[in-house]
Amino acid sequence: DAKKAGKGQIRTFSPEMLGLPREAILDSALRHALHTDELYLLYQPIVDVQSGEIRKFEALIRWSSKTLGQVPPDQFIPIAEDSDLILEIGEWVIATACAQFAEWNSRFAIGHCVMSINISAAQLKDSRFAAKLQSVLQQHGLQPSQIELELTERVLIDDGDYVRRSLNELNQLGVRISLDDFGTGYSALSYLTKFQIHTLKIDRSFVMRLTENDKLQQLVSSIIMMGQKLGMSLVAEGVETPYQARTLSAMGCDFLQGYLISKPIAAQDMPAFVLSHTGR
Ligand code: C2E
Ligand code: CA
Ligand code: CA
Ligand code: CA
Numbered sequence: 475d476a477k478k479a480g481k482g483q484i485r486t487f488s489p490e491m492l493g494l495p496r497e498a499i500l501d502s503a504l505r506h507a508l509h510t511d512e513l514y515l516l517y518q519p520i521v522d523v524q525s526g527e528i529r530k531f532e533a534l535i536r537w538s539s540k541t542l543g544q545v546p547p548d549q550f551i552p553i554a555e556d557s558d559l560i561l562e563i564g565e566w567v568i569a570t571a572c573a574q575f576a577e578w579n580s581r582f583a584i585g586h587c588v589m590s591i592n593i594s595a596a597q598l599k600d601s602r603f604a605a606k607l608q609s610v611l612q613q614h615g616l617q618p619s620q621i622e623l624e625l626t627e628r629v630l631i632d633d634g635d636y637v638r639r640s641l642n643e644l645n646q647l648g649v650r651i652s653l654d655d656f657g658t659g660y661s662a663l664s665y666l667t668k669f670q671i672h673t674l675k676i677d678r679s680f681v682m683r684l685t686e687n688d689k690l691q692q693l694v695s696s697i698i699m700m701g702q703k704l705g706m707s708l709v710a711e712g713v714e715t716p717y718q719a720r721t722l723s724a725m726g727c728d729f730l731q732g733y734l735i736s737k738p739i740a741a742q743d744m745p746a747f748v749l750s751h752t753g754r
């Protein structure tokens, strides 16, 4: 009877079972991960709306933990951000993405493409951030204009001196700046004029709801027009259907990213994808 009652209640492992907070488990496992090969990057192609050709790659971190299994970045990045771990992880991401991009550069004619890298606020607080990035670029023979850093609105609104200084240095260096998840959470727009921002990424939550109502379409269309007027290029993320792609294209969006084009893919699978998506 007891067994029957327990049926269907089988619990999968969770760190709480060990009596430790999830954060502590993740933190120590993540420190371990940095020194093994548990962290890796996937790359999601971003294509030109008109030609369908690849123009950018977004580097997305993955963690395959031997003890915890596959842990999604939404879970471990916030924990890394609570400590200095994010700095080490961030540097690893930059070094890995740049090395990979340099390799693709030499194998394929993708010199016109851009590698897009997600950056946490804490990384910009490092006064040596721009200098370190510059040295990685030099090491791999990459042009600063081939790199785009994806920052969220939160980073720009929290505009302490460190952000202003880092952003100015990055602008000087010539790397591109992309505003990620645009339109979610914050409504202060003044930072759009304070910093040089090259790209606006329209958040997936807007793209997903395009069919919902006319107001939402007007909103997305307005974001695109605003970006264009400020001289930025527009990327729509989370594009899953041909309808979304058509609608965004008609609104003047420049680039599309999402499962309709491709899921994030492993580095070793990229060559085949690149060859089938360049008109060369
Ligand atoms: P994000 O920067 O907004 O990344 C886009 C997320 O949407 C990715 O999730 C991607 O796999 C997913 N995605 C792309 N296209 C589609 C689609 O068509 N449909 C759906 N349903 N999802 C789509 P992912 O890889 O799980 O990353 C989640 C978040 O983790 C990222 O959101 C970013 O904020 C953070 N992240 C990922 N890699 C890094 C990194 O290297 N450094 C930092 N600081 N954060 C990272
Ligand atoms: Ca991003
Ligand atoms: Ca995003
Ligand atoms: Ca998003």
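The opening position of the sequence shown corresponds to residue 475 in the UniProt record's numbering, with each subsequent residue numbered one higher. Don't be surprised by glycine CBs; every beta carbon is placed ideally from N, CA and C.
How about residue i: is its Cβ closer than 7 Å to a heavy atom in ligand 3?
{"i": "E711", "result": "yes"}
{"i": "K530", "result": "no"}
{"i": "K737", "result": "no"}
{"i": "D728", "result": "no"}
{"i": "D548", "result": "no"}
By a C-beta neighbour count over all protein chains shown, 10 Å radius and 16 as the cutoff for buried, is residue i buried or exposed?
{"i": "K530", "result": "buried"}
{"i": "I735", "result": "buried"}
{"i": "R505", "result": "exposed"}
{"i": "G564", "result": "buried"}
{"i": "K689", "result": "exposed"}
{"i": "G634", "result": "exposed"}
{"i": "E624", "result": "buried"}
{"i": "P716", "result": "exposed"}
{"i": "T685", "result": "exposed"}
{"i": "G701", "result": "buried"}
{"i": "D655", "result": "buried"}
{"i": "G482", "result": "With a pLDDT of only 48 at G482, under the threshold of 50, the placement of this residue in the model should not be trusted; the figure read from the coordinates follows. Exposed is the call here."}
Short of 7 Å in beta carbon distance, which residues of its chain neighbour residue i, apart from the five on each side in sequence? Order them along the chain.
{"i": "E555", "result": "S594 and A596"}
{"i": "S539", "result": "A503, A507, E512 and V545"}
{"i": "I568", "result": "I591, L607 and V610"}
{"i": "S723", "result": "V523"}
{"i": "L704", "result": "L666"}
Would you list the one or two residues that DSSP bridges to residue i?
{"i": "M744", "result": "Per DSSP, none; premise fails for M744."}
{"i": "residue 782", "result": "The requested residue 782 does not occur in the structure, where the chain is confined to residues 475 to 754."}
{"i": "E624", "result": "N592 and S652"}
{"i": "I520", "result": "K530"}
{"i": "I739", "result": "Y517"}
Helix, strand or coil: which one does DSSP assign to residue i?
{"i": "R639", "result": "helix"}
{"i": "Q544", "result": "strand"}
{"i": "residue 461", "result": "A query on residue 461 cannot be resolved here, the shown segment of the chain reaching from 475 to 754 and no further."}
{"i": "A533", "result": "strand"}
{"i": "Y602", "result": "The amino acid at residue 602 is misidentified as Tyr; the sequence shows Arg. It is coil, neither helix nor strand."}
{"i": "E711", "result": "coil"}
{"i": "D677", "result": "coil"}
{"i": "L730", "result": "strand"}
{"i": "I560", "result": "helix"}
{"i": "N579", "result": "helix"}
{"i": "D688", "result": "helix"}
{"i": "M706", "result": "coil"}
{"i": "S750", "result": "helix"}
{"i": "L663", "result": "coil"}
By Cβ distance, which residues of its chain are closer than 8 Å to residue i, with the 5 residues on each side in sequence left out?
{"i": "Q549", "result": "L500"}
{"i": "S557", "result": "D501"}
{"i": "C727", "result": "V523, I676, I698, L708, V709 and A710"}
Can you find the residues in the same chain that come closer than 6 Å, C-beta to C-beta, to residue i, ignoring five residues on each side of it along the sequence?
{"i": "I560", "result": "A554, S594 and A596"}
{"i": "R650", "result": "E622 and H672"}
{"i": "L644", "result": "A604"}
{"i": "A741", "result": "Q574"}
Is residue i a contact residue of ligand 1, with contact defined as CB to any heavy atom under 7 Å?
{"i": "I687", "result": "It is worth fixing the name first, because residue 687 is Asn in this sequence and not Ile. Outside the cutoff, so no."}
{"i": "Q518", "result": "yes"}
{"i": "R683", "result": "no"}
{"i": "I600", "result": "The sequence given here has Asp at residue 600, not Ile. D600 Cβ: outside cutoff for every heavy atom of ligand 1."}
Please find out if some non-hydrogen atom of ligand 6 comes closer than 7 Å to the beta-carbon of residue i.
{"i": "G564", "result": "Among the ligands present in this structure, namely ligand 1, ligand 2, ligand 3 and ligand 4, ligand 6 is not found."}
Say the cut is 7 Å; is the CB of residue i nearer than that to a heavy atom of ligand 2?
{"i": "D677", "result": "no"}
{"i": "E624", "result": "yes"}
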